[in-house]
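Structure first, then comments.
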Amino acid sequence: MFNLTCFSYRLQQLCDKLQQQNDELESRFLQTVEKVEQDKLLLSNEIDHLAERLANATNITSYLEHECQRYKHDCQIAVQLLQCRPSYMNAAVSNEKIKDFIDNYAINRMVCRHFKFFEVASHGESRN
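The sequence shown begins at -5 in the numbering used here and counts up one residue at a time.
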């Protein structure tokens, strides 16, 4: 009878120990699952943010390519005009100053317009 009681006591201790280990493993498992879910949500948000930034960058690139083609076309037209009327190259100094002023104004206006475009586009990318 003593053996049976001793055996039952040992069995109960083992059962309690296994239950405690099981509870600890379950707790660690649930913590791991929670951390993985948080990481998954964080990565999903990061992917959305990067996709948005990529779309903005693609739009900016497309816009700049269009502007580049437009400016290239404008330069070609200017060259054609100069070839048709070379006397423009021999204009008086005052005409050259006026032309330089107009060119500088156009370049400054173009640069300012691009900076404004980039400022507007970059406001959507404020979270890093």
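C-beta atoms are modelled at their ideal positions from N, C-alpha and C, and glycine is treated no differently.
### Task
State the DSSP-derived secondary structure class of Ala86, mapped to helix, strand or coil.
Your numbering for residue 86 matches position 92 in the sequence shown. Its pLDDT being 45, under 50, Ala86 is placed unreliably in this model, and the coordinates cannot settle the point.
### Message
For Asp97, tell me which candidate among Gln77, Thr52, Tyr65 and Glu61 has the shortest Cα-Cα distance.
### Response
Indexing the sequence shown from 1 puts residue 97 at position 103. If you compare the alpha carbons of Gln77, Thr52, Tyr65 and Glu61 with that of Asp97, the shortest gap goes to Tyr65.
### Task
Work out the CA separation of Thr26 and Asp17 for me, nearest whole Å.
Sequence index remark: in the sequence shown, residue 17 carries index 23 (1-based). Sequence index remark: in the sequence shown, residue 26 carries index 32 (1-based). Going from the Cα of Asp17 to the Cα of Thr26 covers about 14 Å.
### Backbone CA spacing between Glu46 and Leu37 [nearest angstrom]
Sequence index remark: in the sequence shown, residue 46 carries index 52 (1-based). Sequence index remark: in the sequence shown, residue 37 carries index 43 (1-based). Roughly 14 Å between the two C-alpha positions.
### Query
Roughly how many angstroms separate the alpha carbons of His67 and Val30, rounded to a whole number?
Within the sequence shown, the letter at position 73 stands for residue 67. Within the sequence shown, the letter at position 36 stands for residue 30. Near 55 Å, if we compare the C-alpha coordinates of Val30 and His67.
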